[in-house]
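The numbering of the sequence shown is full-length UniProt numbering, which starts it at 1 and goes up by one. We treat Cβ as the ideally placed atom computed from N, Cα and C, and that holds for glycine. See structure below.
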Amino acid sequence: MAEGRMSERGVWNAKIKKRLIDLRATVLKPDGSEHSLGEIARHVSAATEDPVSRQLVSKWFNPALNNLPTEWQLPHVAAFFAVAKEFFTDDEAHRTIMKEIADVIALRNVTKYLNDEDTQVLRRDLGDFTPEQAKKMLAAVQQIKAESDAADSARDSRAKAVPLPAFRPPRRES
Numbered sequence: 001m002a003e004g005r006m007s008e009r010g011v012w013n014a015k016i017k018k019r020l021i022d023l024r025a026t027v028l029k030p031d032g033s034e035h036s037l038g039e040i041a042r043h044v045s046a047a048t049e050d051p052v053s054r055q056l057v058s059k060w061f062n063p064a065l066n067n068l069p070t071e072w073q074l075p076h077v078a079a080f081f082a083v084a085k086e087f088f089t090d091d092e093a094h095r096t097i098m099k100e101i102a103d104v105i106a107l108r109n110v111t112k113y114l115n116d117e118d119t120q121v122l123r124r125d126l127g128d129f130t131p132e133q134a135k136k137m138l139a140a141v142q143q144i145k146a147e148s149d150a151a152d153s154a155r156d157s158r159a160k161a162v163p164l165p166a167f168r169p170p171r172r173e174s
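Here you go:
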């Protein structure tokens, strides 16, 4: 019986480890880089009022090691990445949050194609995107893209219906 509990605990530890690693890889700084281990360590240290070293945090995010944050530290890691603490322990919450993160990432990818002025206006109006804003903006962008694709398709079909005459250079008279 104890072996069954240990294997179940091992499965949960593996899930938590994978979710930690995925979270750091997907929740990025505004410049697109990952948060440093030092930043995470400083946040957790300040929040728990216990020293947490960069080396310890490194072990949390190393897939080859079994080290995990304690039950006291884990909610502060979640807070650092702005996700609910249930992200690590509840499969449904994990799916929902990962979907929201994917929406934010997609929206940020779209803003890469805007010029600086448009990006500044968008960020001024929205700030950094909340999951709900990202969902709405992504839906709007997808709608615009679908309409644009439909217009392109209609234009292409009209262009195919009227063939252009073959080009012939003018004859030279000698």
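Which same chain residues end up closer than 7 Å to R24 when comparing Cβ atoms and leaving out the 5 residues on each side of it in sequence?
Here residue 24 refers to the residue found at position 24 when the sequence shown is read from its first residue. Short of 7 Å from the beta carbon of R24, and not among the five residues preceding or following it, lie these beta carbons of its own chain, in chain order: E34, H35, F61.
Coarse secondary structure for S53, derived from DSSP in three states
Indexing the sequence shown from 1 puts residue 53 at position 53. Assigned with DSSP and collapsed to three states, S53 falls in coil, not helix or strand.
Query - Nearest to Q55 (by Cα), restricted to the options L37, W72, T48 - result: On the sequence shown, position 55 is the one that residue 55 refers to. Nearest of L37, W72, T48 to Q55, Cα basis: L37.
Burial state of L20 (16 or more Cβ within 10 Å): Here residue 20 refers to the residue found at position 20 when the sequence shown is read from its first residue. Result: buried.
Hey, F88 and K15: beta-carbon distance below 9 Å or not? Locating residue 88 in the sequence shown gives position 88, where the first residue counts as 1. Locating residue 15 in the sequence shown gives position 15, where the first residue counts as 1. Their beta carbons are under 9 Å apart, which means F88 touches K15 by this criterion.
Requested in this report: With DSSP collapsed to three states, give me the class of F80.
Outcome: Within the sequence shown, the letter at position 80 stands for residue 80. Here F80 sits in helix by DSSP.
* M1 versus A78 - alpha carbon distance -> By 1-based counting over the sequence shown, the position of residue 1 is 1. By 1-based counting over the sequence shown, the position of residue 78 is 78. At M1 the pLDDT is 45, less than 50, meaning the model places this residue with poor confidence; the figure from the coordinates comes in the next sentence. Their Cα atoms are separated by approximately 32 Å.
*asked:* Just to check my reading of the structure: S53 and A41 have Cβ atoms closer than 8 Å, yes? What is that Cβ distance to the nearest angstrom?
replied: Position 53 of the sequence shown, counted from the start, is the residue given in the question as residue 53. Position 41 of the sequence shown, counted from the start, is the residue given in the question as residue 41. Yes, S53 and A41 are in contact; Cβ-Cβ is about 6 Å, under 8 Å.
- request: Check whether the Cβ of A25 lies closer than 8 Å to any heavy atom of the ligand MG, and answer yes or no.
  value: The ligand MG is absent from the structure shown, which contains no ligand whatsoever.
Query - Alpha carbon of K136 to alpha carbon of I97, nearest angstrom - result: To locate residue 136, count along the sequence shown from 1; it is residue 136. To locate residue 97, count along the sequence shown from 1; it is residue 97. Each residue's Cα considered, the two are about 16 Å apart.
**For P69, three-class secondary structure by DSSP** = Residue numbering aside, residue 69 sits at position 69 when the sequence shown is read from its first letter. The answer is coil: DSSP assigns P69 none of H, G, I, E or B.
**Q.** Three-state class that DSSP yields for Y113 in the structure shown
**A.** As a working mapping, residue 113 is identified with position 113 in the sequence shown. Correct three-state label for Y113: coil.
How many Å lie between V110 and R95 at the Cα?
Sequence index remark: in the sequence shown, residue 110 carries index 110 (1-based). Sequence index remark: in the sequence shown, residue 95 carries index 95 (1-based). About 23 Å.
Exercise for review: Leaving aside the five residues before and after T48 along the sequence, list all residues of the same chain whose C-beta is less than 7 Å from its C-beta, in chain order.
Suggested key: The sequence position of residue 48 within the sequence shown is 48, counting from 1. Taking C-beta separations shorter than 7 Å and ignoring five residues to either side along the sequence, the partners of T48 in its chain run W72, Q73, H76, following chain order.
Under the rule that 16 or more other beta-carbon atoms within 10 Å means buried, what is P69, buried or exposed? Taking the first residue of the sequence shown as 1, we reach residue 69 at position 69. Looking at its Cβ environment, which holds 16 or more other Cβ atoms inside 10 Å, P69 is buried.
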